[in-house]
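Peer 1:
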Amino acid sequence: VQVIRFAQSFLINWDEKMYYEKSKTHAKARTTTLNEELGQIQYIFSDKTGTLTQNIMTFNKCSIAGRAYGDVVDVRTGETVELSEPTFNSNTSLLLNAEEPPGRSTPQPTFTTTTEPVQITSPSNKKHPPSLHVRFSQHSNSQQTQTSISTKQDTTSQAHIPVQPTTDLPPPSGSNTPGLHVMEPVDFSFNPEYEPEFRWYDQGLLDAVRSGEEHSHSFFRLLALCHTVMAEEKNGKLDYQAQSPDEAALVSAARNFGFVFKSRAPNSITIEVMGKTEEYELLSILDFNNVRKRMSVVLRRNNSIILYCKGADSVIYDRLGPNQHDLKARTQEHLNKFAGEGLRTLVLAERRLSKEFYESWLVRQREAALSMDAREDKLSAIYEEIECDMELIGVTAIEDKLQDGVPQTIANLQLAGIKIWVLTGDKQETAINIGYSCQLLTDDMVDVFVIDGITKAEVEQQLRKYMDSLRIVNTYHPTNVHKAGTVVQSQTGASSETSAVTANGAQHSSSSGPMVDIQNTSPPSVSVVTFSVNCSNYTDGFEKGEPTGLNDLDENSGVALVINGHSLVHCLTSELESKFLEIASHCKAVICCRVTPLQKAMVVELIKRAKNAVTLAIGDGANDVSMIKAAHIGVGISGQEGMQAVLASDYSIAQFKFLERLLLVHGRWSYYRMCKFLRYFFYKNFAFTLCHFWYAFFCGFSAQTVFDPMFISVYNLFYTSLPVLALGIFEQDVSDKNSVDYPKLYAPGMTNALFNTTEFIRSVLHGIFSSLILFLIPYGTYKDGISPDGYVLNDHMLLGSVVATILILDNTAQIALDTSYWTVFNHIMVWGSLLWYFFLDYFYNYVIGGPYVGSLTQAMKEATFWFTTVLTVIVLMIPVLASRFYFVDVFPSLPDKIRAQQRLALLRSRQSSDVLRTPSARKARRSLRSGYAFAHQEGFGRLITSGKIMRKLPQDFAFPLGLGSKKQHSTESTKNNNNNVSNSNTNNNVNNAINNGAGGGHVSVGSGTTTTATTLAALNGNQIVNLPGSSNSDHSPRAPCQDLDTINL
1 VQVIRFAQSF LINWDEKMYY EKSKTHAKAR TTTLNEELGQ IQYIFSDKTG TLTQNIMTFN
61 KCSIAGRAYG DVVDVRTGET VELSEPTFNS NTSLLLNAEE PPGRSTPQPT FTTTTEPVQI
121 TSPSNKKHPP SLHVRFSQHS NSQQTQTSIS TKQDTTSQAH IPVQPTTDLP PPSGSNTPGL
181 HVMEPVDFSF NPEYEPEFRW YDQGLLDAVR SGEEHSHSFF RLLALCHTVM AEEKNGKLDY
241 QAQSPDEAAL VSAARNFGFV FKSRAPNSIT IEVMGKTEEY ELLSILDFNN VRKRMSVVLR
301 RNNSIILYCK GADSVIYDRL GPNQHDLKAR TQEHLNKFAG EGLRTLVLAE RRLSKEFYES
361 WLVRQREAAL SMDAREDKLS AIYEEIECDM ELIGVTAIED KLQDGVPQTI ANLQLAGIKI
421 WVLTGDKQET AINIGYSCQL LTDDMVDVFV IDGITKAEVE QQLRKYMDSL RIVNTYHPTN
481 VHKAGTVVQS QTGASSETSA VTANGAQHSS SSGPMVDIQN TSPPSVSVVT FSVNCSNYTD
541 GFEKGEPTGL NDLDENSGVA LVINGHSLVH CLTSELESKF LEIASHCKAV ICCRVTPLQK
601 AMVVELIKRA KNAVTLAIGD GANDVSMIKA AHIGVGISGQ EGMQAVLASD YSIAQFKFLE
661 RLLLVHGRWS YYRMCKFLRY FFYKNFAFTL CHFWYAFFCG FSAQTVFDPM FISVYNLFYT
721 SLPVLALGIF EQDVSDKNSV DYPKLYAPGM TNALFNTTEF IRSVLHGIFS SLILFLIPYG
781 TYKDGISPDG YVLNDHMLLG SVVATILILD NTAQIALDTS YWTVFNHIMV WGSLLWYFFL
841 DYFYNYVIGG PYVGSLTQAM KEATFWFTTV LTVIVLMIPV LASRFYFVDV FPSLPDKIRA
901 QQRLALLRSR QSSDVLRTPS ARKARRSLRS GYAFAHQEGF GRLITSGKIM RKLPQDFAFP
961 LGLGSKKQHS TESTKNNNNN VSNSNTNNNV NNAINNGAGG GHVSVGSGTT TTATTLAALN
1021 GNQIVNLPGS SNSDHSPRAP CQDLDTINL
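All residue numbers for the sequence shown refer to full-length UniProt numbering, where the first residue is 1 and numbers rise by one.
#1: Should M390 go down as buried or exposed, given a rule of 16 or more other Cβ atoms within 10 Å for buried?
#2: Check each candidate in C675, H796, T331 and Q901 and name the one with the smallest Cα separation from G39.
#3: Under 7 Å Cβ to Cβ from S801, same chain only, skipping five residues before and after it: list those, please.
#4: What is the DSSP secondary structure of D154, reduced to helix, strand or coil?
#5: Cα separation between R366 and E359?
#6: Does the Cβ-Cβ distance between F887 and T823 come in under 8 Å?
#7: Can you tell me the Cβ-Cβ gap for T58 and A329, rounded? I've got them flagged as a contact below 8 Å.
#8: Among the residues of its own chain, which have a CB less than 8 Å from the CB of T812, if the five just before and after it don't count?
#9: Output the distance between the C-alpha atoms of F288 and H566, rounded to the nearest integer angstrom.
#10: How about I382 and E350: are their beta carbons less than 8 Å apart?
#11: Taking the CB atoms as reference points, tell me whether E278 and R301 lie closer together than 8 Å.
#12: Three or more C-beta pairs closer than 8 Å, one from the segment 197-215 and one from the segment 51-69: is that the case here?
#13: Rounded to whole angstroms, what is the Cα-Cα separation between Q146 and S296?
#14: In whole angstroms, give me the CA-to-CA distance for T751 and W421.
#15: For my contact list, I607 and T596 are in at a C-beta cut-off of 8 Å; report their separation, rounded to the angstrom.
#16: Which class does Y14 belong to by DSSP, given the choice of helix, strand or coil?
#17: To the nearest whole angstrom, what separates the beta carbons of V459 and H570, a pair I think is in contact under 8 Å?
#18: What is the residue span of the alpha helix (DSSP H) that M750 lies within?
#19: Please state whether DSSP places Y358 in a helix, a strand or coil.
#20: Find out if the Cβ-Cβ distance for the pair L690, S771 is shorter than 8 Å.
#21: Check the C-beta distance from A242 over to V229 and give it rounded, since I have them as a contact under 8 Å.
#22: Buried or exposed for N336, going by 16 or more other Cβ atoms inside 10 Å?
#23: Where do the ends of the beta strand (DSSP E) carrying N336 lie?
#24: Could you give the DSSP three-state label for residue 1050: helix, strand or coil?
#25: Within this structure, are the beta carbons of A622 and Q644 separated by less than 8 Å?
#26: Between E36 and M445, what straight-line distance do the alpha-carbon atoms span, to the nearest angstrom?
#27: Between the alpha carbons of G394 and K310, how many angstroms are there, rounded?
#28: Give a yes or no on whether the C-beta atoms belonging to Q777 and T868 are separated by under 8 Å.
#29: Please go through the same chain and pick out, in chain order, the residues whose beta-carbon is closer than 6 Å to the beta-carbon of V740, but skip the five residues on each side of it.
#30: Pair every Cβ in the segment 16-29 with every Cβ in the segment 653-669, then say whether three or more of these pairs are closer than 8 Å.
#31: Could you tell me how far apart the beta carbons of D239 and E232 are, in whole angstroms, since I believe they sit closer than 8 Å?
#32: If you measure between the beta carbons of L754 and Y671, is that distance less than 8 Å?
#33: Quick check on residue 1124: does DSSP put it in helix, strand or coil?
#34: List the endpoints of the continuous alpha helix (DSSP H) containing N826.
#35: Whole angstroms are fine: how far does the CA of F839 sit from the CA of M710?
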């Protein structure tokens, strides 16, 4: 077992398809004992920043003094436009520097920062999916409200500030559009310290800065001063070393706008503002940690003391001074808008301090810092005294793009039946958009539950309401998933041909042959909040703590759950955890936002304890270590935040998309191989051992063995070990491509279907039957037997040699039948072990002089031996072959169907990749990013003020005490992937037929494409068969396919 696991670990390490070229990083198995558990994962707990996203931050938008900067709008339509996709009908594009309509939380298109001129597109030409209803339950019993998060674009009647002129480019060849408008980024070349790769498209913000506007100067001055970034000169250029990519992006933005952070000392910070040097005395650093969720610095310049603070909106807003209601309201609208776009947000604030107040505060702070007990609590209370009555400056919005392949990976893992929980430090609004950006949430979901109660009673009330909603979903929106094995047939008036609707909206039509396991699982599209139902009869059991009866709900009923960290505190208590768990286990997706590292670990422990499920946690930073350690399997991503997660993990990968291959390919293969190995191992040893049991009846129970003692010693070591090792290392039921294309293949591992008590008993019974045949047939043949030459064959040694030889032949035949994937190593080990048996038997008996010398040689000289051997092997193999043919023909498994379809495709001379090719998961509505995550490690404030990392310690200032604490419905998916379905000759025939009018109309060519059934059936002569569990089939809800252009032939 350990040898097989060791070899499987090397196969993971050597997999070139999990090699990340950019960082030159291979996947690595850091343990050899958990490979088969990779094929049994039921829950995945994932971090967001750096795990689902790239953790490469770019300053995208901001709000200063209630005014938003960074949006590009189309003057003709008044809509916010994207800078990522081209369009050829926009006439004019301008910048919007005004606030959005109140209450708007619509996810907006976002910027993509590239080094090339950016093409502007107007969303007015896009087909938007229907609105998703997200319900926020009120804390009172009398009423509940509903908030719609819509994908529709709202128009705004705001004053638009023109920016630099756009240039008209000639339209691309083949288009009938008048022209394409390209927006150039703002020119920062006036600033000698600017970064050429920095991209910003709002000229209005730069004009405000250059004109000396007070609020914009305060905004960027805070960004240049409130941080723990270190600066150094490299080749004549400033280079920043930051604790997190967020800080680096903010300091870089301030630098490009003319507020350049130049250097720091333990008690001073030097910046350059529009070419003029400013030096500030650093009095205190109130460092960031995941409890405070904010960072502050206290600075002095020209006898003026000021506190700058940045942090989470929920934390900063509670500490703002009075008389800022209008500014707070406008800024909150911008916060919601930025969060709706998936941007990471930070709120900035300042406070002017008097000299007397600061000095008295500093004395108390030093006393707390020197306290021997409850130091952290005392420091937190002291920090609260100074971080209050602040004035709001603005908001930053940073973009963190998703990694490549994340939506497709999550869609495939969900289709495999794995539940995915995202545990993030983002705010609630952003968390919902995280779900959409990574396709964890889709527009075809029935409802999204949001638990955001503050008190325990409010959380319990929300849990009760959502329990009722789940019952309503089950009552009024029963799932229309057909059971396995059903065939969906659609009869038309003109044709009775069978049609199979695939995931990408195409229909496969055929005139003959069975359709394999087609299912239609379109979830309901109406929100349950539109129902008004008396649910009093449902809530009684919940209040009494009785079983709630949700077992009849389909686990893929299309419901998602979003829960806040402060609500999660109550849900993890003993009184509510069972109720929370029951609701969460019936949700297709769960997102926990604003959670701390400890809460992440507690959620994982809850699932392990209550569900008895195999869990996997994946993360990239130090804040994910506790979660990785708590799960059965930890996966670390070697990203931008160091190697802490990798060092604590069992497996390391470079990108989240490799998790799909790690589980669906290597994990499933490892589980499949280990189960097959164990079944065969128990079989061969029961067949071997029980021969002694049957022989005991004929030797007076004298404990005499039927086999040669040497044979008994080396049976498992020399004769049968190599074939089973080859099986456990190289065996594949289907290829790696099909393992990814058909995620349902992963399901048996989650239910232990391949090796359990039933399979063990079956292997034991098979071994008992084989041992009985192995002993009785040779015994009946050789009892009182005499050869034609007159030799007596009725001796113990000859019988033992014959039975041992037939046993080895039977084991070889069994392992050959069990092997689905033959390699050179399999052939060498299987057939080589058979030859090795005869060689060792001869060597031991004739060279070394064993007691059984000549027994096998004498037996093999007689025809009796060969007839006995053939008869025994046939009797042993007939039941095995009969049962396998029966089950493959009558009750085929998914791998059986896939292999059968491959053989059918080969017989028809079609490429298997064309027949089995699966459209990739649909692209998210747009590339949405998530908000600021407040869960990373303690900052560097204490290290900076200690002076240990400084080259020089200026003597001008007194050295203060170091402070700090520990720190969619998918646009109907009628467009198909442009795959080659037929060979080149067939394609030519299709084109010719359609050009001649045979096909008529509109023909889509895609994965498993169908056109007019009669035309393609006549041209191809083949039928397309969908298999359950593939991305082509509709067995279970899967996010629609990526939208590609339909080809009009």
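For each residue, glycine too, the CB sits at the ideal point set by N, CA and C. These numbers come from a predicted model, not from an experiment.
Peer 2: The structure says:
#1: It is buried - the Cβ of M390 has at least 16 other Cβ atoms within 10 Å.
#2: Residue C675 is the option with its Cα nearest to G39.
#3: Excluding sequence neighbours, S801 sits near Y852, S855, L856 and A859.
#4: At D154, the pLDDT of 39 sits below 50, so the modelled position is not reliable and the matter cannot be decided from this model.
#5: E359 has its alpha-carbon roughly 11 Å from the corresponding atom of R366.
#6: No, they are not a contact pair.
#7: In fact, because the Cβ distance is near 28 Å, the residues do not count as touching under 8 Å.
#8: If you ignore the 5 residues before and after T812, its C-beta comes within less than 8 Å of the C-beta of P723, V830, W831, S833 and L834, all in its own chain and listed in chain order.
#9: Spanning the two alpha carbons is a distance of roughly 19 Å.
#10: No, the pair does not count as a contact, with Cβ atoms beyond the cut-off.
#11: For E278 and R301, yes; Cβs fall inside 8 Å.
#12: When Cβ pairs closer than 8 Å are counted between the two stretches, the segment 197-215 is seen to touch the segment 51-69, the count reaching three or more.
#13: Residue confidence is low: Q146 scores 36 on pLDDT, short of 50, so the model does not pin down where it sits. No coordinate-derived value is stated.
#14: In a straight line, the C-alpha of T751 is about 20 Å away from that of W421.
#15: Under the criterion of beta carbons closer than 8 Å, I607 and T596 do not qualify as touching, at roughly 17 Å.
#16: Per the sequence shown, residue 14 should be read as Trp rather than Tyr. In the structure shown, W14 falls within a coil segment according to DSSP collapsed to helix, strand and coil.
#17: The C-beta distance from V459 to H570 rounds to 4 Å, short enough to fall under 8 Å.
#18: Its alpha helix (DSSP H) spans residues A747 to M750.
#19: Correct three-state label for Y358: helix.
#20: If you check the CB distance, L690 and S771 come in under 8 Å.
#21: That belief holds up - the Cβ atoms of A242 and V229 are roughly 5 Å apart, short of 8 Å.
#22: N336 sits buried, since 16 or more C-beta atoms from the chains shown fall within 10 Å of its C-beta.
#23: Counting along the chain, N336 falls outside any beta strand (DSSP E), though it belongs to the alpha helix (DSSP H) covering H325 to G340.
#24: Outside the shown range of the chain (1 to 1049) lies residue 1050, about which nothing can therefore be said.
#25: Yes, they are a contact pair.
#26: Cα-Cα distance, rounded: 33 Å.
#27: So the two alpha carbons sit approximately 10 Å from each other.
#28: Residue identity check: residue 777 is Ile in the sequence provided, not Gln. Yes, the pair counts as a contact, with Cβ atoms nearer than the cut-off.
#29: Result list for V740: L664, in chain order.
#30: With a cut-off of 8 Å, the segment 653-669 and the segment 16-29 count as touching, because enough Cβ pairs lie within range.
#31: Contact flag correct, Cβ pair sits at about 6 Å.
#32: Their beta carbons are under 8 Å apart, which means L754 touches Y671 by this criterion.
#33: Nothing about residue 1124 can be read from this structure; the chain reaches only from 1 to 1049.
#34: For N826, the enclosing alpha helix (DSSP H) stretches over residues V824 to Y842.
#35: Near 14 Å, if we compare the C-alpha coordinates of F839 and M710.
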